[in-house]
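K.L.:
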Amino acid sequence: MDNEQFQRLVLEQLKALTDGQKTLEQGQKALEQGQAEIKNELKYIWADIKKIDSQLSNQEEEVVILKRLKRLK
Numbered sequence: 010m011d012n013e014q015f016q017r018l019v020l021e022q023l024k025a026l027t028d029g030q031k032t033l034e035q036g037q038k039a040l041e042q043g044q045a046e047i048k049n050e051l052k053y054i055w056a057d058i059k060k061i062d063s064q065l066s067n068q069e070e071e072v073v074i075l076k077r078l079k080r081l082k
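Numbering-wise (our numbering), the sequence shown opens with residue 10 and increments by one.
1) What is the DSSP secondary structure of Lys82, reduced to helix, strand or coil?
2) Secondary structure at Asp28, three-state DSSP: helix, strand or coil?
3) Where does Asp11 fall in DSSP's three states?
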C-alpha cells in the first residue's frame, strides 16, 4: 500500500466516523426532545393524580360523616 492509498483509506474512515457522529448527535437530540415531552406529560399526570387524591379524601370524609349520622339514628 503506497502513501496515496493509505491517505485515501484514512480519509474514507474519517468520513465514515464523521457521518456516524452526525447520526449519533441527531439521535441524541431526538432522545432529548422525547425526554422533555415525557417530563411535560408527567407534570400533567401528577396534577391529575393530586386532583383524584383530593377528591377521594373528600369522599372518605363524607363517608365517615354519613356513617356517624347513620349510627345516631
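Backbone N, C-alpha and C define an ideal beta-carbon position, used for all residues, glycine too.
No experiment lies behind these values; they were computed from the predicted model shown.
P.N.:
So, to answer that:
1) It is coil, neither helix nor strand.
2) Collapsing the DSSP output to three states places Asp28 in a helix.
3) If DSSP states are grouped into helix, strand and coil, Asp11 belongs with coil.
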